[in-house]
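Peer 1: Sequential numbering of the sequence shown, starting at 3, is according to my numbering. Every residue gets a Cβ at the ideal spot worked out from N, C-alpha and C, and that includes glycine.
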Amino acid sequence: MYDRNDSAQTIGPKVLYLGTDPNLPKRIAALLAEQGIDLRTADDHDEAAHPAAGPKYLALILETALLAPGQTLRAWIEALARDGVTARHLLVITHTKEIGLRLQALRVNAAACLMAPVATDDLVAALLGACRAQPKTARRVLVVDDDATQTLLAERLLSAAGLQVRALTDPLKVLEVLAVFEPDLILMDLNMPGADGAELATIIREQHALRAVPILFLSTERDPERQLRALNMGGDAFITKPIDPGLLAQTVTQRIDAYAALRRRSDLTDQRDPATGLATRRHFLMMLEQVIAQPPAAHPGSGLLLVALDGTAELAQRLGPGGLDLLRQALGLRLREQLEPTDLAACLDDHYHALLLRRPGPDTLLEAVTRLRETLAVTPLTLAGQSIGVRLSIGLGLLRTSPGDALTLISWAQMACAAAQQSGGDRLVIYQPSAPGPEDVFHEQRLDQLIAQALIGSTPGQGFRLFYQPLAAVGPQGRHCLQVLLRLAEEDGTLIPSWDFLPIAERCGRTVSIDRWVMMHSLAVLAEQSQAQPGLELLIRQHLETLAAPGWILWLRDQLSTQGLTPAAAILGLTVPDLLQHRGIAVLVAKMLRRLGIGICLLEVDQTPAALDLVMELRPPLVRLAADTVREATPERLNALVRRLRLQEAEVIAAGLDDPALIGPVWASGVRYAQGTLIQPPLAQPVFDWDEVVVG
């Protein structure tokens, strides 16, 4: 209903907000004005409509709270249009997690559907991103086939589907044509004189810009070994001859859309916030995960700095509506001025600016942090020509001890920043957990006590916390599945990753109890989300010791029934090393789960013969590749591994996707799902916009 990419019509730079939050337009008006955009407001569409020809806006921001009972978003927009209120772009703000409203927003082609309360930066970024979208261009396909008749047929079929086609009958000229045509997909015959399609695919994949462009083979080849060889040399799929007209256009457009979605998610232009020049939150978290993935010895002088304004309530009252947001923006600009080339900064949320500092050693890091704090303390910020002195609290989380992931490191820095504010503010606090040795009995006893308290929920403010990370489908019609991640919160809010406390829990005999806690709470979440997100699945890590415990599988069946859930809603994640230790029991448990309709996912699958033999024996519906395997395998070996797993009828998940350089090899390998910071960092709530994460 709204064409996000239509730029043929010139519309004045006005945005209309229709909603119930009187403070929201005050918060964003000044930021939009800096971009030359005039924000208008109205309480409902009757106020927005003009008696004559209504205004045409660059964008509408609509809150679904204004919908009348039973009124759909489409009907509301049509009513606005009848009153002459139209816009090129639409952004929707909803106050409910109900997926139905998100579907309505999708079906009227909204540029974004955001959950209230909306952070100022998120709303402005979404609005600017929609309004600055580039116009659509025809998708390009290069057809390479020495048979002129087949080439002409493919060209006509694809052109009729709205694609721009370039035909080539001399395969030896393919690089020359690719240099000027830059296709979105290559459709190529497998058997050609002079050079077959598999050989050309290998040469094409050596070109960096073409490493991830989909290559579909046209062929009469039926030999599975030759097909596998061609796919391992760089192809993505086969289309058999003679050409099926409907299948050809559908397959080509789906592959192009999948590739384009992946490119958008890894687009380097999305690394910087246009207002401040700081990194976007997504890019910052992605880079933070990459640094954390390295051993602590690789960055002895690295740390995460969180900077927060003190006395925000007083500042908001003093500066008026929207003033505090502009002051935070000014702080971001000031921080950018202080960065070294190796530093990275971002606005983390409405409370913190985050800085990733990398120095040669701990002393130089502390010197840099001290110097930064002193500079910020003595230099007032400038807002509308007025100098404003501010007080800042700074928390520093050091990377001398690996936190394991960004969630944990951010919690370290947040605790330090909160301690600074609780001590009166305007100071720096450093948080660094002790690094216990292998025989640190006190540390183990302390964690065991925390685990025991978490299991009974006896201490407010601490205990187990669940986070969720999506499996993004590489292609259409994938599962809506979130992996459950477990953390242990200390009294001060610091998050301890599962790989730090689960080994201690195992030694203390608490593994089964923890698994039961995770399962019960995960099933409760599934039941809670069953109406808002039909078909949602959770991938829940469990241990073979738990599954083999007397009566546990029947207990799980009863729990699913009690919560009104289908057995397929919960997918049990089991690690390969755990199963290999007790292979015989693993086979029996897998058979029992299969009979009950409960699926399993093998985690930490690598290229070792033992892991591949286990997949062949258990035949799980899902397997997740170990993150190191995804990062370190060559494209050819990754392709071969994925093909082998798919022959066992397993859907393959690529984990640890945190580097844009992995996009091409992972997409071309044929995996079914991708998971990692590049797709989405872990979420505190099990609510996700699946239209945003499907990468195909």
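Using 7 Å as the threshold, is the C-beta distance between PHE219 and GLY248 below it?
Peer 2: The residue given as residue 219 occupies position 217 in the sequence shown. The residue given as residue 248 occupies position 246 in the sequence shown. No.
Peer 1: When the Cα atoms are used, what is the spatial distance from LEU640 to VAL632?
Peer 2: Along the sequence shown, read from residue 1 onward, the residue named residue 640 stands at position 638. Along the sequence shown, read from residue 1 onward, the residue named residue 632 stands at position 630. Using only the alpha carbons, I get a separation of about 7 Å.
Peer 1: Going by DSSP, what residues sit across from TYR19 in a beta bridge?
Peer 2: For this step, residue 19 is matched to residue 17 along the sequence shown. Secondary-structure assignment with DSSP links TYR19 through a beta bridge to THR43 and ILE63.
Peer 1: When the distance is taken between beta carbons, is ALA491 closer than 7 Å to ARG512?
Peer 2: For the purposes of this step, residue 512 is identified with residue 510 of the sequence shown, where counting begins at 1. For the purposes of this step, residue 491 is identified with residue 489 of the sequence shown, where counting begins at 1. Against a cut-off of 7 Å, the Cβ pair of ALA491 and ARG512 comes out as no contact.
Peer 1: Kindly indicate which residue of ALA571, THR410 and VAL126 has the alpha-carbon position closest to the one of ILE602.
Peer 2: Taking the first residue of the sequence shown as position 1, residue 602 is located at position 600. The shortest C-alpha separation from ILE602 is found at ALA571.
Peer 1: Tell me the residue span of the beta strand (DSSP E) that contains ARG467.
Peer 2: Here the question's residue 467 lines up with position 465 in the sequence shown. Note, ARG467: beta strand (DSSP E), 465-475.
Peer 1: Let me know if ARG336 comes out buried or exposed under the rule of 16 or more other beta-carbons within 10 Å of its beta-carbon.
Peer 2: In the sequence shown, residue 336 corresponds to position 334, counting from 1. ARG336 should be labelled buried.
Peer 1: Look at the alpha carbon of PRO24 and the alpha carbon of ILE30, and state the distance between them as a whole number of angstroms.
Peer 2: Within the sequence shown, the letter at position 22 stands for residue 24. Within the sequence shown, the letter at position 28 stands for residue 30. Taking the straight line from one Cα to the other gives about 11 Å.
Peer 1: Taking Cβ positions only, does LEU627 come closer than 7 Å to chain B?
Peer 2: Chain labels in this structure do not include chain B; a single protein chain is all it has.
Peer 1: Measuring CA to CA, which of LEU159, ALA670, SER500 and GLY324 is closest to ALA35?
Peer 2: As a working note, residue 35 is residue 33 in the sequence shown. Closest option to ALA35, Cα to Cα, is GLY324.
Peer 1: Between VAL254 and LEU189, which are expected to be in contact by the criterion C-beta below 8 Å, what is the C-beta distance as a whole number of angstroms?
Peer 2: The residue labelled residue 254 in the question sits at position 252 within the sequence shown. The residue labelled residue 189 in the question sits at position 187 within the sequence shown. Correct: roughly 7 Å between the Cβ atoms.
Peer 1: Could you tell me the alpha carbon to alpha carbon distance between ALA162 and ARG257, rounded to whole angstroms?
Peer 2: Start at 1 with the first residue of the sequence shown, and residue 162 comes out as number 160. Start at 1 with the first residue of the sequence shown, and residue 257 comes out as number 255. When rounded, the distance between both Cα atoms is 17 Å.
Peer 1: If distances are taken between C-alpha atoms only, which option among GLN535, ILE458 and ASP352 comes closest to ARG283?
Peer 2: The residue labelled residue 283 in the question sits at position 281 within the sequence shown. Relative to ARG283, the option among GLN535, ILE458 and ASP352 whose CA is nearest is ASP352.
Peer 1: Would you mind stating whether THR403 and GLY334 have Cβ atoms separated by less than 7 Å?
Peer 2: Position 401 of the sequence shown, counting from 1, holds the residue named residue 403. Position 332 of the sequence shown, counting from 1, holds the residue named residue 334. Contact: no.
Peer 1: To the nearest angstrom, how far is the alpha carbon of ALA592 from that of LEU614?
Peer 2: Position 590 of the sequence shown, counted from the start, is the residue given in the question as residue 592. Position 612 of the sequence shown, counted from the start, is the residue given in the question as residue 614. Cα to Cα, ALA592 sits roughly 16 Å from LEU614.
Peer 1: Based on the DSSP output, what are the partners of ALA572 in its beta bridges?
Peer 2: Residue numbering aside, residue 572 sits at position 570 when the sequence shown is read from its first letter. Answer is LEU540, bridged to ALA572.
Peer 1: What residues are listed by DSSP as bridge partners for HIS91?
Peer 2: For the purposes of this step, residue 91 is identified with residue 89 of the sequence shown, where counting begins at 1. For HIS91, which the question treats as bridged, DSSP gives the partners ALA61.
Peer 1: Go ahead and label TRP78 buried or exposed: buried means 16 or more other beta carbons lie within 10 angstroms of its beta carbon, across all protein chains shown.
Peer 2: Your numbering for residue 78 matches position 76 in the sequence shown. The residue is buried, with at least 16 neighbouring Cβ atoms inside 10 Å.
Peer 1: Hey, out of LEU280, TRP554, LEU449 and ALA550, whose CA is closest to PHE503's CA?
Peer 2: Reading the sequence shown from its first residue, position 501 is the one you call residue 503. Looking at the Cα atoms, LEU449 is the closest of the given residues.
Peer 1: Return helix, strand or coil for GLN152, following the three-state DSSP convention.
Peer 2: As a working note, residue 152 is residue 150 in the sequence shown. In the three-state scheme derived from DSSP, where H, G and I count as helix and E and B as strand, GLN152 is classed as helix.
Peer 1: For LEU385 versus LEU329, is the C-beta distance shorter than 7 Å?
Peer 2: If you number the sequence shown from 1, residue 385 lands on position 383. If you number the sequence shown from 1, residue 329 lands on position 327. In contact: LEU385 and LEU329 (Cβ atoms closer than 7 Å).
Peer 1: Please look up how many angstroms separate the CB atoms of PRO499 and GLY406, rounded, as I've assumed it's under 8 Å.
Peer 2: Within the sequence shown, the letter at position 497 stands for residue 499. Within the sequence shown, the letter at position 404 stands for residue 406. Contact between PRO499 and GLY406 holds: CB atoms are separated by about 4 Å, below the 8 Å threshold.
Peer 1: At a cut-off of 6 Å, is VAL632 close to the ligand GDP when judged by its beta-carbon and the heavy atoms of the ligand?
Peer 2: As far as ligands go, the structure on display features none, and thus does not contain the ligand GDP.
Peer 1: Do the CB positions of LEU187 and VAL143 come within less than 7 Å of each other?
Peer 2: Counted from its first residue, the sequence shown places residue 187 at position 185. Counted from its first residue, the sequence shown places residue 143 at position 141. Their beta carbons are under 7 Å apart, which means LEU187 touches VAL143 by this criterion.
Peer 1: Under the three-state reduction of DSSP, which class applies to ASP147: helix, strand or coil?
Peer 2: Taking the first residue of the sequence shown as 1, we reach residue 147 at position 145. In this structure, ASP147 counts as coil in the three-state DSSP scheme.
Peer 1: For LEU647, I'd like the list of residues in its chain whose CB is within less than 7 Å of its CB, leaving aside the five on either flank, ordered along the chain.
Peer 2: As a first step, residue 647 must be located in the sequence shown, where it is residue number 645. VAL617, VAL625 and VAL654, listed in sequence order.
Peer 1: Roughly how many whole angstroms lie between the Cα atoms of ILE217 and ALA348?
Peer 2: Along the sequence shown, read from residue 1 onward, the residue named residue 217 stands at position 215. Along the sequence shown, read from residue 1 onward, the residue named residue 348 stands at position 346. Roughly 37 Å separates the two Cα atoms.
Peer 1: Are the CB atoms of ALA112 and VAL94 within a distance shorter than 7 Å?
Peer 2: What you label residue 94 is simply residue 92 of the sequence shown in a count that begins at 1. What you label residue 112 is simply residue 110 of the sequence shown in a count that begins at 1. Closer than 7 Å, so yes.
Peer 1: Can you tell me whether TYR675 is helix, strand or coil according to DSSP?
Peer 2: Your numbering for residue 675 matches position 673 in the sequence shown. Here TYR675 sits in strand by DSSP.
Peer 1: Can you check DSSP and say which residues form a bridge with ILE655?
Peer 2: In the sequence shown, the residue the question calls residue 655 occupies position 653. Answer is ARG626 and TYR675, bridged to ILE655.
Peer 1: Who are PHE219's beta bridge partners in DSSP?
Peer 2: Your numbering for residue 219 matches position 217 in the sequence shown. In the DSSP output, where bridge partners are listed per residue, PHE219 has MET190 and PHE240.
Peer 1: Assuming TYR59 and ALA89 form a contact by the criterion Cβ under 8 Å, report the distance between their Cβ atoms to the nearest whole angstrom.
Peer 2: The sequence position of residue 59 within the sequence shown is 57, counting from 1. The sequence position of residue 89 within the sequence shown is 87, counting from 1. At roughly 4 Å, the Cβ-Cβ gap stays under 8 Å, so TYR59 and ALA89 are in contact.
Peer 1: Kindly indicate which residue of ARG559, LEU192 and ARG360 has the alpha-carbon position closest to the one of LEU525.
Peer 2: Residue numbering aside, residue 525 sits at position 523 when the sequence shown is read from its first letter. Considering only alpha carbons, the answer is ARG559.
Peer 1: What is the rounded straight-line gap between the Cα of THR242 and the Cα of SER221?
Peer 2: For the purposes of this step, residue 242 is taken as the residue at position 240 of the sequence shown. For the purposes of this step, residue 221 is taken as the residue at position 219 of the sequence shown. Each residue's alpha carbon lies about 5 Å from the other.
Peer 1: Comparing alpha-carbon positions, which option in VAL17, LYS99 and LEU400 lies nearest LEU64?
Peer 2: For this step, residue 64 is matched to residue 62 along the sequence shown. Ranking the options by Cα distance to LEU64, first place goes to VAL17.
Peer 1: Between PRO185 and the rest of its own chain, which residues show a CB-CB distance below 8 Å, the 5 nearest in sequence each way excluded?
Peer 2: As a working note, residue 185 is residue 183 in the sequence shown. Counting only Cβ-Cβ distances below 8 Å, and skipping sequence neighbours, we find ARG142, VAL143, LEU144, ARG168 and VAL215.
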